[in-house]
Amino acid sequence: MKRELAEAARDLAAYIRNLDENLAELPRPGAVKTAPAALPKAKAPPAPAEVPPPTIMTKKPADMDALAAQVKSCRKCGLGDSRLNAVFGVGTYKAKVVFVGEGPGFQEDHLGEPFVGRSGQLLDKILETVLGLKRSEVYIANIVKCHPMKNPADPESHGNDRPPTPDEIAACRPYLDEQLRFIKPACIVTLGSVPTKVLLNTDKGISLVRGRSYDYPVEIVPGRPIKVIPTYHPAALLRNPNLKRDTWEDMKMLKTFLETGKIT
76 MKRELAEAAR DLAAYIRNLD ENLAELPRPG AVKTAPAALP KAKAPPAPAE
126 VPPPTIMTKK PADMDALAAQ VKSCRKCGLG DSRLNAVFGV GTYKAKVVFV
176 GEGPGFQEDH LGEPFVGRSG QLLDKILETV LGLKRSEVYI ANIVKCHPMK
226 NPADPESHGN DRPPTPDEIA ACRPYLDEQL RFIKPACIVT LGSVPTKVLL
276 NTDKGISLVR GRSYDYPVEI VPGRPIKVIP TYHPAALLRN PNLKRDTWED
326 MKMLKTFLET GKIT
């Protein structure tokens with residue numbers, strides 16, 4: 076009997092201690108209840124990159140020489156910090172046709188003139204053979220005026236070329252539009268996929284759009300749209316001679332247009 080009473084007393088004491096501990100955890104009257112620590116908010120995923128619109132040219136040049144000076148001093152994108160020479164363009168300002176490539180390469184960056192390597196020699200040959208024109212009788216430029224390099228710290232390295240980025244294209248595009256406004260050509264020939272996509276505002280590659288002409292979507296001369304004839308870049312012909320036949324047909328279309336003002 077005594078043992079049972081002792082066990083009951085111990086159980087009662089344990090119950091009382093447990094009750095006191097629970098009461099101690101309850102907030103006192105008038106006390107402010109502390110909220111549990113908030114969990115850290117998850118970082119929102121970065122917004123997808125968008126192709127920026129072309130930079131607006133705030134200071135209009137008086138002539139092509141003034142525009143060339145702007146290009147020479149331009150630092151709107153990182154290409155201006157790594158280039159050796161800005162490559163403005165070459166040819167006559169009275170040209171009926173302007174050839175537009177992607178951007179300067181190694182030799183162009185060193186000499187400051189577009190299409191001076193093997194691709195340029197082939198372009199000169201096409202001009203003379205098919206069109207009966209010299210380099211000095213047309214105008215040749217690029218979408219971007221500085222050499223896009225994989226490794227900007229090593230401009231003396233060959234094979235250091237890369238396509239220009241959307242930001243680089245947007246920064247440089249106004250210079251080409253101003254060149255076209257000064258020259259007022261009847262036709263633009265885009266050499267390769269990059270200038271074709273940029274100037275025609277399309278996502279289709281060159282093989283899908285060549286073989287016909289298009290109206291340039293930017294109004295240069297009021298009431299007179301400029302024709303755009305896409306064709307392969309001369310570098311593509313050096314890699315794949317089978318493309319020469321299609322390029323020949325594109326240049327014959329250009330020749331007909333320059334002679335008659337019509338596309339057949």
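When you line the sequence shown up against the numbering used here, it's residues 76 to 339, in that order.
Cβ coordinates follow ideal geometry from the N, Cα and C atoms, glycine included.
For residue i, does the count of other Cβ atoms within 10 angstroms reach 16, so buried, or fall short, so exposed?
| i | result |
| --- | --- |
| G180 | buried |
| A83 | Unreliable placement is indicated for A83, whose pLDDT of 47 sits below 50; the coordinate value is still reported in the next sentence. Exposed. |
| P241 | exposed |
| N217 | buried |
Quick one: grab the DSSP three-state call for residue i.
| i | result |
| --- | --- |
| C152 | coil |
| A161 | coil |
| N276 | coil |
| V205 | helix |
| A141 | helix |
| N226 | coil |
| K319 | helix |
| T331 | helix |
| P305 | strand |
Leaving out five residues before and five after residue i in sequence, what residues of the same chain have Cβ atoms less than 8 Å from its Cβ?
| i | result |
| --- | --- |
| A113 | Unreliable placement is indicated for A113, whose pLDDT of 45 sits below 50; the coordinate value is still reported in the next sentence. Result list for A113: empty, nothing under 8 Å. |
| N276 | P292 |
| D290 | P300, I301, K302, V303 |
Within its chain, find whatever has a CB closer than 6 Å to the CB of residue i; leave out the 5 residues flanking it on each side and keep chain order.
| i | result |
| --- | --- |
| C149 | G155 |
By Cβ distance, which residues of its chain are closer than 7 Å to residue i, with the 5 residues on each side in sequence left out?
| i | result |
| --- | --- |
| S157 | M224, P227, P230 |
| L274 | V175, I263, T265, Y291, V303 |
| S232 | N226 |
Q.
Whether or not the stretch 135 to 146 and the stretch 175 to 190 are in contact is what I'm after, with contact meaning three or more pairs of Cβ atoms, one per stretch, closer than 8 Å; do they touch?
A. no
Q: Report yes or no: do the stretch 305 to 315 and the stretch 194 to 210 share at least 3 C-beta pairs separated by less than 8 Å?
A: yes
Q: Only counting runs of 3 or more residues, tell me where the beta strand (DSSP E) segments fall wholly within the stretch 244 to 299, in order along the chain.
A: 262 to 266
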